[in-house]
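Position 61, counted from 1, in the sequence shown is what full-length UniProt numbering calls 61; the numbers after and before it change by one each time, with no gaps.
These notes concern the structure reproduced below.
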Amino acid sequence: MEGDIASMGQFIGAGLAAIGSGAAAIGVGHVAGNFLAGALRNPTAAASQTATLFIGIAFAEALGIFSFLVALLLMFAV
Numbered sequence: 001m002e003g004d005i006a007s008m009g010q011f012i013g014a015g016l017a018a019i020g021s022g023a024a025a026i027g028v029g030h031v032a033g034n035f036l037a038g039a040l041r042n043p044t045a046a047a048s049q050t051a052t053l054f055i056g057i058a059f060a061e062a063l064g065i066f067s068f069l070v071a072l073l074l075m076f077a078v
């Protein structure tokens, strides 16, 4: 019985940690959407802001990958 509870806790924790992957997708959408809205308002400044766009997307994706790794560690770590 004790092993079943620990296993259940691992899967619940992994599921909660995996929510961060979905949150990262939402974050990337916000970054790209805000860049597109700004680029449509001022097209001449859009070219100078593409590096900032990619940095923002990279940070959002890094957090998603980190939460995915935490979920994997919770599921498969002994």
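C-beta atoms are modelled at their ideal positions from N, C-alpha and C, and glycine is treated no differently.
Straight across, the Cα-Cα distance linking Gly-9 with Thr-44 is about 53 Å. Assignment of beta strand (DSSP E) within the UniProt domain "V-ATPase proteolipid subunit C-like" (12-74), counting only whole runs of 3 or more residues, yields no such run. A direct Cα-Cα distance of roughly 23 Å separates Ala-46 from Ala-25.
With three or more CB-CB distances shorter than 8 Å, the segment 10-21 counts as touching the segment 59-69. Here DSSP, grouped into helix, strand and coil, assigns Ala-6 to helix.
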